[in-house]
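To start, the structure under review is shown below, and the notes come after it.
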Amino acid sequence: MEAFSHQISGIELVAWRSQAITQAQAAHIDPAEVDWLLQSLCQVETLALRLGTLAQQLAVPTAMTLSELEALWQKRLGDRVPVQHLVGKTVWRNFTLQVSPTVLIPRPETELIIDIVVACIDQSPQAAKLQQGTWVDLGTGSGAIALGLAVALPQAQIVAVDVSDAALAIARHNAVENGLDDRIQFLSGSWFEPLAGWSGQLAGVVSNPPYIPSAIVPTLDPEVAQHEPHLALDGGPDGLAAVRHLVTTAPRYLQSSGLWAVELMAGQAPAVTDLLRQSQAYTDGQVASDYAGIERFVTAYRQY
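Basically my numbering = 1-based index in the sequence shown + 8.
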């Protein structure tokens, strides 16, 4: 976002904020987005909002004029543009990530996949080998999972793959901005295609693949259906097209006891554990829930 090259009085910002919160509530938008927008585009402190002292500030440095701020907010209300797209960034784990309509906005529940991977490594007899191996984030999008793996596994080599060059450009930018560009290799291609050189050598494969059934995608909230890439959402007729490919193809690339970890939508975990079982290439399949108690993640180890 551009530098704070404008100024708006605190009284004007307070009046705008009050109106915007009322509009958000009427549009069934979380009112907290108003403050998130303000703090992203203006030098406004959380304490000033909480204590109501913002009105006492004569001139608040901002990235745009009040009319430009209002025009941006109207895009949120009228066009249902996600607030993350309005400011061009989001917060995920300890990272601030650039986002755009070319990548899926990383969700809070996806943060857990990093902790699940670490727990699976700790539980493995091959923990030391896994900690120092090569880990791949397939369909990296914004690069969120790859960055999370790089921090959680400081001795590992991290590879991020995406079929979208536009997504890879954002992922690379996020790696640079978060000081992790020397830890992650970015490869362009579909799933395992760029990984021929790692056959039988990967310590882990992690992915948040498209898993929404095709018929459901148009019925999602307009913020998602109209503004996020369908390539990252549409998982085919039953939502499991990409997951099936990951189940059947990963064993060629995973080392013995290598970890397979994937995020899913509600209700898909039983089908995916069945797929893993039927492949006879995995052992110790486990299901983990997200913050809401939804069975969101499935992990398994490559058979010896």
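In this text, a Cβ means the ideal position worked out from N, Cα and C, and glycines have one as well.
Handout entry: Per DSSP, the bridge partner or partners of residue 193
Key = 167
Problem - Other residues of its chain near residue 218: CB distance less than 6 Å, five sequence neighbours each side excluded - result: 240, 241, 242, 243, 250
Practice task
On a CA-only basis, which of 200, 88, 281 is nearest residue 259? Give me that one, please.
Solution key: 200
Handout entry: the segment 191-206 touching the segment 220-233, judged by at least three CB pairs closer than 8 Å
Key = No, they do not touch.
Practice task
Report, in whole angstroms, the separation of the C-beta atoms of residue 117 and residue 304, which I expect to be a contact under 8 Å.
Solution key: So it is a contact: roughly 6 Å between Cβ atoms.
Practice task
Could you check how far apart the C-beta atoms of residue 41 and residue 91 are, in whole angstroms? I think they sit under 8 Å.
Solution key: 5 Å
Exercise for the section: Indicate whether residue 15 and residue 67 have their beta-carbon atoms separated by less than 9 Å. Expected result: yes
Problem - Coarse secondary structure for residue 99, derived from DSSP in three states - result: In this structure, residue 99 counts as strand in the three-state DSSP scheme.
Exercise for the section: Indicate whether the contact test is met: 3 or more Cβ pairs, each with one atom in the segment 133-149 and one in the segment 200-210, closer than 8 Å. Expected result: yes
Handout entry: Inter-residue spacing [alpha-carbon to alpha-carbon] between residue 9 and residue 299
Key = Unreliable placement is indicated for residue 9, whose pLDDT of 46 sits below 50; no coordinate value is reported for it.
Problem - For residue 9, three-class secondary structure by DSSP - result: Because the pLDDT of residue 9 is 46, which lies under 50, any placement of that residue in the model is unreliable, and the question is left without a value.
Problem - For residue 294 and residue 108, the rounded distance between their alpha carbons - result: 33 Å
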